[in-house]
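Going by the numbering used here, the sequence shown opens with residue 11, and the numbers climb by one from there.
To keep things clear, I will list the structure first and then write my remarks on it.
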Amino acid sequence: MPWASRPRRRPRSAVSRPARARPSSIPSVARIRLDLLLVERGLARSRAEASALLLAGQVELAGAGSRTLKPGQLVPGDAQVTVLAARRWASRGGEKLEAALDAFEVDPSDLACLDAGASTGGFTDVLLSRGARVVYAVDVGRGQLLERLRADSRVVSMERTNLRELHELPQPIQLATLDLSFISLRLVLPNVGELLSDDGRVIALVKPQFEARREAVPRGGVVRDAAVHRDVLLRFGEDAGRAGFAARANVEFLALLTPGAGTPDAWETQVERLTTSVV
Numbered sequence: 011m012p013w014a015s016r017p018r019r020r021p022r023s024a025v026s027r028p029a030r031a032r033p034s035s036i037p038s039v040a041r042i043r044l045d046l047l048l049v050e051r052g053l054a055r056s057r058a059e060a061s062a063l064l065l066a067g068q069v070e071l072a073g074a075g076s077r078t079l080k081p082g083q084l085v086p087g088d089a090q091v092t093v094l095a096a097r098r099w100a101s102r103g104g105e106k107l108e109a110a111l112d113a114f115e116v117d118p119s120d121l122a123c124l125d126a127g128a129s130t131g132g133f134t135d136v137l138l139s140r141g142a143r144v145v146y147a148v149d150v151g152r153g154q155l156l157e158r159l160r161a162d163s164r165v166v167s168m169e170r171t172n173l174r175e176l177h178e179l180p181q182p183i184q185l186a187t188l189d190l191s192f193i194s195l196r197l198v199l200p201n202v203g204e205l206l207s208d209d210g211r212v213i214a215l216v217k218p219q220f221e222a223r224r225e226a227v228p229r230g231g232v233v234r235d236a237a238v239h240r241d242v243l244l245r246f247g248e249d250a251g252r253a254g255f256a257a258r259a260n261v262e263f264l265a266l267l268t269p270g271a272g273t274p275d276a277w278e279t280q281v282e283r284l285t286t287s288v289v
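Here you go:
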């Protein structure tokens with residue numbers, strides 16, 4: 011019986027195979043909250059202070075351009091951030107109120123004041139510097155008011171407070187300042203009237219993007235049309251009248267309101283002058 015034999019296997023030749031591509035050794039940069047980054051870099055002592063700096067516009071982020079920076083936004087851990095020199099007031103709004111007080115010849119000295127929409131405290135800061143006896147700083151948010159203002163014995167911080175639900179304070183308000191966002195002034199003027207003394211006055215920042223008719227606000231919310239500005243101011247004067255105020259004057263859409271009945275013609279004349287000139 012013949013022997014059966016298997017054919018011998020030929021030895022495998024050494025074949026050079028291409029090496030597998032290794033993943034890149036460049037590590038990805040972890041992202042971190044912007045307020046935490048400021049604290050880690052030693053640019054702020056706490057997240058609250060970091061938030062205040064961001065809200066006051068004192069932080070620049072490379073590559074962000076003019077976009078508004080938020081405490082919770084995520085940025086690369088190696089992002090280039092710069093804290094700018096402190097402004098004169100707690101926010102840019104302080105400069106607006108300062109100009110309005112001078113233009114309207116309103117003296118807050120020894121007055122009980124309300125700062126509605128206080129945020130970081132720009133208006134509060136100015137009122138205190140002008141000698142206000144007490145300032146009730148009202149805002150729906152929390153942790154925004156600068157610590158130096160919060161620590162001032164003349165300031166009563168009222169966080170998480172909706173102005174529309176505020177009907178009473180420990181004392182009548184002699185001067186109220188309004189810097190509100192995402193709500194129309196016509197919705198809060200009646201409440202403000204309840205808080206005022208008989209001779210109390212209101213300085214309100216009129217923001218077209220929150221006062222204009224919805225169809226008149228373009229995408230992005232920036233209203234540049236002078237005709238829309240005119241409509242906003244005329245309607246504001248009407249709303250103020252219905253709430254028991256007389257609109258007396260305006261500077262760059264800052265309006266002074268006093269108790270009593272006003273004359274619509276006088277307000278319309280001011281609106282015409284303002285909206286046909288460079289603001």
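For glycine and all other residues, C-beta sits at the position ideal for the given N, C-alpha and C.
Computed from a prediction, not measured in an experiment: that's the story for all the values here.
For the beta strand (DSSP E) that contains L185, what are its first and last residues? Element bounds for L185: 183–188.
Best match in R51, F114, V91, V136 for proximity to R164 [C-alpha to C-alpha]: The option with the nearest alpha carbon to R164 is V136.
Do L156 and A62 come within 8 Å of each other at the CB atom, strictly closer than that value? Contact flag set, yes.
Run through DSSP, which three-state label would S165 get? Going by the sequence as given, residue 165 is Val instead of Ser. DSSP places V165 in the strand class (E or B) of the three-state scheme.
For the ligand MN, is there a heavy atom less than 7 Å away from the beta-carbon of L173? The ligand MN is not part of this structure, which contains no ligands at all.
Considering just the uninterrupted stretch of the beta strand (DSSP E) at T268, what are its terminal residues? If you look at T268, you'll find it in the beta strand (DSSP E) that goes 264–269.
Counting only runs that start and end within the stretch 53–93, where is the alpha helix (DSSP H) found for 4 or more residues in a row? With a minimum length of 4 residues, the continuous alpha helix (DSSP H) runs that stay inside the stretch 53–93 are 57–65.
G153 by DSSP, collapsed to three states: which one? In this structure, G153 counts as coil in the three-state DSSP scheme.
Identified DSSP bridge partners for F133: According to DSSP, residue pairing for F133 in a beta bridge does not occur.
Would the beta-carbon of A100 fall within 8 Å of that of G75? The answer is no: Cβ separation not under 8 Å.
My assumption, with CB atoms under 8 Å, is that L48 sits in contact with A54. Please give the rounded CB distance. The distance from the Cβ of L48 to that of A54 is about 4 Å, consistent with a contact at the 8 Å cut-off.
Own chain partners of D208 with C-beta closer than 7 Å, once the 5 adjacent residues on each side are dropped: Result list for D208: P269, in chain order.
Let me check one thing: in DSSP terms, what residues is I42 bridge-paired to? I42 pairs with V85.
Alpha carbon to alpha carbon, how far is S119 from L185? Whole-angstrom Cα-Cα distance: 10 Å.
Buried versus exposed, by CB contacts within 10 Å (16 or more), G82: Under a 10 Å Cβ-count criterion, G82 is classified as exposed, with fewer than 16 other Cβ atoms of the shown protein chains found around its own Cβ.
Quick one: using the 10 Å Cβ neighbour count with 16 as the cut-off for buried, is R174 buried or exposed? Exposed, because fewer than 16 other Cβ atoms sit within 10 Å of the Cβ of R174.
Option nearest V145 by Cα separation, candidates R152, Q154, T134: When only C-alpha atoms are compared, the closest one is T134.
Could you give the distance in angstroms between the alpha-carbon of L205 and the alpha-carbon of H177? Rounded to whole angstroms, L205 to H177 spans 7 Å at the Cα level.
Own chain partners of S35 with C-beta closer than 8 Å, once the 5 adjacent residues on each side are dropped: Summary for S35: the model assigns pLDDT 48, below 50, so the residue's position carries little reliability, and this model does not support an answer.
So I213 packs on L107, CB below 8 Å; how close in whole Å? Right, the Cβ-Cβ distance comes to about 7 Å (below 8 Å), so this counts as a contact.
Among the residues of its own chain, which have a CB less than 8 Å from the CB of R98, if the five just before and after it don't count? Excluding residues within five positions, the ones whose Cβ falls inside 8 Å are G104, E105.
Taking all protein chains shown into account, do 16 or more other C-beta atoms lie within 10 angstroms of the C-beta of L94, making it buried, or fewer, making it exposed? Per the 10 Å Cβ criterion, exposed.
Taking just the CA atoms, how far does L46 sit from E115? Cα-Cα distance, rounded: 43 Å.
With a 10 Å radius around its C-beta and 16 neighbouring C-beta atoms as the bar for buried, classify F255 as buried or exposed. It is buried - the Cβ of F255 has at least 16 other Cβ atoms within 10 Å.
Apart from the five residues just before and just after V25, which ones in its own chain have a Cβ nearer than 6 Å to its Cβ? The pLDDT assigned to V25 is 49, lower than 50, so where the model puts this residue is not dependable; a value taken from the coordinates is nonetheless given after this. The same chain holds no residue with a CB closer than 6 Å to that of V25 once the five nearest residues on each side in sequence are set aside.
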